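Input: a single structure, listed below in structure tokens.
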Amino acid sequence: MTSAAEIAREMADEVVRTRRTVAALGAAIEAAHVRASPALARAVQAEEGLYQRIADEFGLLTSAEAGRRLGSRSKAARNLALSARRDGQLLALRRGRYDLFPGFQFDDHGARPVVAALIALGEEHERSEAGLVQWLMAPTTYLDGLRPVDVIDDPDRLLSVAREAFGVQW
1 MTSAAEIARE
11 MADEVVRTRR
21 TVAALGAAIE
31 AAHVRASPAL
41 ARAVQAEEGL
51 YQRIADEFGL
61 LTSAEAGRRL
71 GSRSKAARNL
81 ALSARRDGQL
91 LALRRGRYDL
101 FPGFQFDDHG
111 ARPVVAALIA
121 LGEEHERSEA
131 GLVQWLMAPT
141 TYLDGLRPVD
151 VIDDPDRLLS
161 VAREAFGVQW
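Quick note on the UniProt record's numbering: the sequence shown kicks off at 1 and runs consecutively.
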């Protein structure tokens, strides 16, 4: 059972975090010297939240880390990851000046082959890298509320769902 003192401490910590967040966001908006509509601010917040969830759950790997996961022992391991991305085998997200690779693309043997197949399918349907990552992380009725990333170990199922979802015409 949580004591009143622990609850009070947690609430005080949350107030401090909230104040820091508000201050940082205010400074960032002011520094941009542009007006951000509430809708744009919410969209950016949602994207940042998604990327933080990916980092927390799977990791967001630097190109050097991704290169090592691919098996490179070179001092320039990043080159292997960047080549794999260029060749349509890996997805990366641009974060500032860096390309970061969601960790769900890797297993104990390197890059999951299903990722290359998903990228190819995404290209057929004009899906961006970020769009594919967002799709992988979003719960879908095609999987009874699971996220596509939750079935990444079942390539046939993942690609079947992707074909259905990407092929929808409105």
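Using N, Cα and C, we set each Cβ at its ideal position, and we do this for glycine too. Please read these numbers as outputs of a predicted model, since none were measured by experiment.
DSSP state of residue i mapped onto helix, strand, coil
i	result
Asp99	strand
Pro155	helix
Leu132	helix
Thr21	helix
Arg147	coil
Thr140	coil
Glu164	helix
Glu126	coil
Arg35	coil
Met11	helix
Cβ neighbours of residue i in the same chain (closer than 7 angstroms, five flanking residues each side left out)
i	result
Gln105	Leu90, Leu91, Ala111, Arg112, Val115
Ala130	Leu93
Leu61	Arg69, Leu100, Phe101, Gly103
Val151	Leu143, Arg157, Leu158
8 angstroms contact criterion, which residue i and residue j should meet: CB distance rounded
i	j	result
Leu121	Ala77	That pair is no contact at about 28 angstroms.
Leu118	Leu159	7 angstroms
Proximal residues to residue i (C-beta, below 6 angstroms), its chain only, five neighbours per side dropped
i	result
residue 188	Summary: the structure shown does not reach residue 188, with the chain confined to residues 1 through 170, and so no result is reported for it.
Residue i vs residue j beta-carbon contact at 9 angstroms
i	j	result
Ala84	Ala64	no
Gly71	Asn79	no
Glu123	Gly88	yes
Leu146	Pro155	no
Ala41	Ile29	yes
Ala36	Val44	yes
Close-in-space but distant-in-sequence residues of the same chain around residue i (CB under 8 angstroms, 5 per side omitted)
i	result
Ala95	Contrary to the premise, residue 95 reads as Arg rather than Ala in this sequence. Closer than 8 angstroms at Cβ, skipping near neighbours: Tyr51, Leu60.
Glu164	Tyr142
Val15	none
Residue i Cβ short of 8 angstroms to the ligand GDP heavy atom set
i	result
Ser72	As presented, the structure is devoid of all ligands, the ligand GDP included, so that no description of it is given.
Unbroken beta strand (DSSP E) runs of length 3 or more, entirely within the region 41-122: which are they? Annotation: the region 41-122 contains the following complete segments of the beta strand (DSSP E) (minimum length 3 residues), in chain order: 93-95, 98-102.
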